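In my numbering, the protein residues as written are 1019 to 1256.
Notes follow the structure.
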Amino acid sequence: MAPPLCSDHALVLFSGGQDSATCLAWALRRHAHVETIGFRYGQRHAVEMTCREPVRAALASPSLGPDHIVDLTATIAGLGTTALTTEATIAMTEEGLPNTFVPGRNLLFLTCAAALAFRRGIRRIVAGMCETDYSGYPDCRDDTVKAMQLALNLGMNRRFILETPLMWRDKAATWELALSLGGDALVETIRVETHSCYLGDRSRLHEWGYGCGKCPACELRADGWRRWRGDVSNGSGR
Ligand code: ZN
């Protein structure tokens, strides 16, 4: 029989990127026990998966529990191609969606996370979806996450709580959140150890982290860093 859900236990969707690393630090400050889950899905930036363990090590605390990796490569590749899972050129589609959008990806991630949380007695599922800088991904919207919470709770007869601490923060505010959670040390861990670049480029370290500097993920990350640092120099930030 599955255990009852513990309200102070959390499962963080942790990809190895800036957002999910910030979510992990956020969850560790709030919840007594925190586990992580990551997904392989044939992402062209699979290098992000190798960033997970160094970040977990840097954030290690008595609250940090086990890591779980779920391989959805065959599932997602079997459904068709996208620019995030092939070498296709990244562009916008006619309907205004980036072709890096993997249909159903975040819905699948949340479903898998809830299925694991069910078995492990974890009530809280923490994810880095963000509507402010959502890059046009409809599965990052607040309404999508709220609808998923309802569907998962009905479908699994549980009361999971989906927590999205970044939902209304832009990338500059996400850096500021990291600073408030763990000071300069956490900012530096996220800057150097996490990965956002869609092309998987870790050959160049910029002021905002590693990446090609040109793909949409790099542009978003670099722009957020610059706006945050600009706020700092204007005296309105840290
Ligand atoms: Zn890039």
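Here a beta-carbon is modelled for each residue, glycine too, at the ideal position from N, C-alpha and C.
In this text, all values refer to a predicted model and were calculated from it rather than measured experimentally.
Here residue 1239 is near residue 1226, since their CB atoms are less than 7 Å apart.
The nearest non-hydrogen atom of the ligand ZN is less than 6 Å from the C-beta of residue 1217. In the assembly as shown, residue 1214 is a buried residue. Its beta-carbon has 16 or more other beta-carbons within 10 Å. Residue environment analysis places residue 1054 among the buried positions, since at least 16 neighbouring C-beta atoms fall within 10 angstroms of its C-beta.
Rounded to whole angstroms, the separation of the alpha carbons of residue 1067 and residue 1034 is 6 Å. With a cutoff of 7 Å on beta-carbon distance, residue 1217 and residue 1233 are scored as near each other. Residues 1053 of the same chain have their beta carbon placed closer than 6 Å to that of residue 1084, with the five preceding and five following residues left out of the count. Taking the C-beta atoms as reference points, residue 1220 is found no nearer than 7 Å to residue 1073. For residue 1184, the closest alpha carbon among the candidates 1030, 1023, 1019 and 1021 is that of 1030. The Cβ-Cβ distance between residue 1046 and residue 1081 falls below 7 Å. Excluding its 5 nearest sequence neighbours in each direction, residue 1088 has C-beta neighbours in its own chain below 7 Å: 1055, 1057 and 1130, listed in chain order. In this model, residue 1172 and residue 1231 are separated by some 43 Å (Cα to Cα). Here the C-alpha atom of residue 1091 lies approximately 31 Å from the C-alpha atom of residue 1049. Here residue 1054 carries a strand assignment [DSSP, helix/strand/coil]. Taking the Cβ atoms as the reference, residue 1027 lies roughly 13 Å from residue 1177, outside the contact range of under 8 Å.
Taking C-beta atoms as the reference points, residue 1200 and residue 1075 fail to come closer than 7 Å. Taking all protein chains in view, the Cβ of residue 1204 is crowded by 16 or more other Cβ atoms within 10 Å, so the residue is classified as buried. Cβ-Cβ distances below 7 Å link residue 1187 to 1148, 1150 and 1195 in the same chain, with the five nearest sequence neighbours on each side left out; the list follows chain order. Checking the 6 Å criterion, the Cβ of residue 1096 is out of range of every heavy atom belonging to the ligand ZN. The continuous alpha helix (DSSP H) containing residue 1173 extends over residues 1160-1174.
In the three-state reduction of the DSSP assignment, residue 1148 falls in the coil class, being assigned neither a helical nor a strand state. Sequence-distant partners of residue 1079 (beyond 5 residues in either direction) whose C-beta falls short of 7 Å from its own C-beta, in its chain, are 1046.
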